[in-house]
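Novice:
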Amino acid sequence: DTGVSQDPRHKITKRGQNVTFRCDPISEHNRLYWYRQTLGQGPEFLTYFQNEAQLEKSRLLSDRFSAERPKGSFSTLEIQRTEQGDSAMYLCASSLGGFGTQYFGPGTRLTVL
Amino acid sequence: QQQVKQSPQSLIVQKGGIPIINCAYENTAFDYFPWYQQFPGKGPALLIAIRPDVSEKKEGRFTISFNKSAKQFSLHIMDSQPGDSATYFCAAGGDSNYQLIWGAGTKLIIKP
Numbered sequence: 575d576t577g578v579s580q581d582p583r584h585k586i587t588k589r590g591q592n593v594t595f596r597c598d599p600i601s602e603h604n605r606l607y608w609y610r611q612t613l614g615q616g617p618e619f620l621t622y623f624q625n626e627a628q629l630e631k632s633r634l635l636s637d638r639f640s641a642e643r644p645k646g647s648f649s650t651l652e653i654q655r656t657e658q659g660d661s662a663m664y665l666c667a668s669s670l671g672g673f674g675t676q677y678f679g680p681g682t683r684l685t686v687l
Numbered sequence: 022q023q024q025v026k027q028s029p030q031s032l033i034v035q036k037g038g039i040p041i042i043n044c045a046y047e048n049t050a051f052d053y054f055p056w057y058q059q060f061p062g063k064g065p066a067l068l069i070a071i072r073p074d075v076s077e078k079k080e081g082r083f084t085i086s087f088n089k090s091a092k093q094f095s096l097h098i099m100d101s102q103p104g105d106s107a108t109y110f111c112a113a114g115g116d117s118n119y120q121l122i123w124g125a126g127t128k129l130i131i132k133p
């Protein structure tokens, strides 16, 4: 199965620590999206890449959040100085072209103590 | 204007029944309306999607009805099965902005 993969699946950290998540999209997909999902809510868009270019960032993405997609393949999402309010599921999705189907990974569940 | 309102929040239906989940949007620039299914511990998976040039789309047991003038769309699940028990999300987006705006989700339980 060559679907979207995310690592780690779970991360527990203490407030103030930095964390980094990785997403490996479906190999031929040029678009990659990051979302955040809290319990009982739909995913909230954070940012998206077309190839290596970060084309849009939500205002939800504070200065503590940064995302990269070097070489247009895998992507990383880093959260600096984590806060308890950052606790959520972080989802990655990829698609081919504009509104091609977005295929989601299993997510990384972050718990900030 | 960016909101997508989804109802009901939860729904319990007997096996074989037809659950209906409704969504309403405000932004007339939206022209892509997907429905996603999410099981616990998994990412959302696309079920079916519609563009506003048609009023209905069927894929297997899943049907989207779309009412452009009312800015509403709904998901119907025919002959529902316990395996359909999941959380369902509607979403909306426009070609000028590939960001999807999501509803809050409907937790569906199909009783055997």
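Protein chains in written order, with this note's numbering: chain X, 575 to 687; chain F, 22 to 133.
Even glycine gets a Cβ: it sits at the ideal position worked out from N, Cα and C.
Just so we're clear, the structure is a prediction, and the values are computed from it rather than from any experiment.
If you draw a straight line from the alpha carbon of residue 41/F to that of residue 644/X, how long is it in whole angstroms?
Specialist: For the purposes of this step, residue 41/F is taken as residue 20 along the second sequence, with counting starting at 1. For the purposes of this step, residue 644/X is taken as residue 70 along the first sequence, with counting starting at 1. So the alpha carbons of these two residues sit roughly 43 Å apart.
Novice: Who are the Cβ neighbours of residue 640/X in its own chain at under 8 Å, not counting the five residues just before and after it?
Specialist: The sequence position of residue 640/X within the first sequence is 66, counting from 1. Result list for residue 640/X: 651, 652, 654, in chain order.
Novice: Residue 110/F versus chain X: which residues are under 7 Å apart at the beta carbon?
Specialist: Along the second sequence, one-based indexing puts residue 110/F at 89. Near residue 110/F (Cβ distances below 7 Å), the residues of chain X are 616.
Novice: For the putative contact between residue 608/X and residue 621/X, defined by C-beta atoms under 8 Å, what is the C-beta separation to the nearest angstrom?
Specialist: Position 34 of the first sequence, counted from the first residue, corresponds to residue 608/X. Position 47 of the first sequence, counted from the first residue, corresponds to residue 621/X. Right, the Cβ-Cβ distance comes to about 5 Å (below 8 Å), so this counts as a contact.
Novice: Assess, as a yes-or-no matter, whether the segment 26-43 of chain F is touched by the segment 664-682 of chain X under the definition of 3 or more beta carbon pairs within less than 8 Å.
Specialist: The segment 664-682 of chain X, when compared against the segment 26-43 of chain F, does not touch it at the 8 Å Cβ threshold.
Novice: Jot down the residue ranges of each uninterrupted alpha helix (DSSP H) in the segment 575-639 of chain X, minimum 4 residues, whole runs only, in chain order.
Specialist: Runs found: none.
Novice: Does the CB of residue 50/F have a neighbour CB from chain X at under 8 Å?
Specialist: By one-based count along the second sequence, residue 50/F stands at place 29. Not closer than 8 Å to any Cβ of chain X, the Cβ of residue 50/F fails to qualify, so no.
Novice: Could you tell me the distance, in whole angstroms, from the CA atom of residue 74/F to the CA atom of residue 604/X?
Specialist: Taking the first residue of the second sequence as 1, we reach residue 74/F at position 53. Taking the first residue of the first sequence as 1, we reach residue 604/X at position 30. Near 27 Å, if we compare the C-alpha coordinates of residue 604/X and residue 74/F.
Novice: Checking contacts by CB at 8 Å: is residue 29/F closer than that to chain X?
Specialist: Working through the second sequence from its first residue, we reach residue 29/F at position 8. By this cut-off, residue 29/F is not an interface position.
Novice: Determine which residues share a DSSP beta bridge with residue 642/X and list them.
Specialist: Numbered from its first residue, the first sequence carries residue 642/X at position 68. Residue 642/X is bridged to 650/X.
Novice: Counting only C-beta atoms, is residue 628/X closer than 8 Å to chain F at any point?
Specialist: The sequence position of residue 628/X within the first sequence is 54, counting from 1. Residue 628/X does not count as touching chain F.
Novice: Under 8 Å Cβ-Cβ, which residues of chain X neighbour residue 67/F?
Specialist: Position 46 of the second sequence, counted from the first residue, corresponds to residue 67/F. Residues of chain X passing the Cβ test: 675, 676, 677.
Novice: Report the rounded CA-to-CA distance for residue 106/F versus residue 33/F, giving the unit in angstroms.
Specialist: Position 85 of the second sequence, counting from 1, holds the residue named residue 106/F. Position 12 of the second sequence, counting from 1, holds the residue named residue 33/F. Taking the straight line from one Cα to the other gives about 9 Å.
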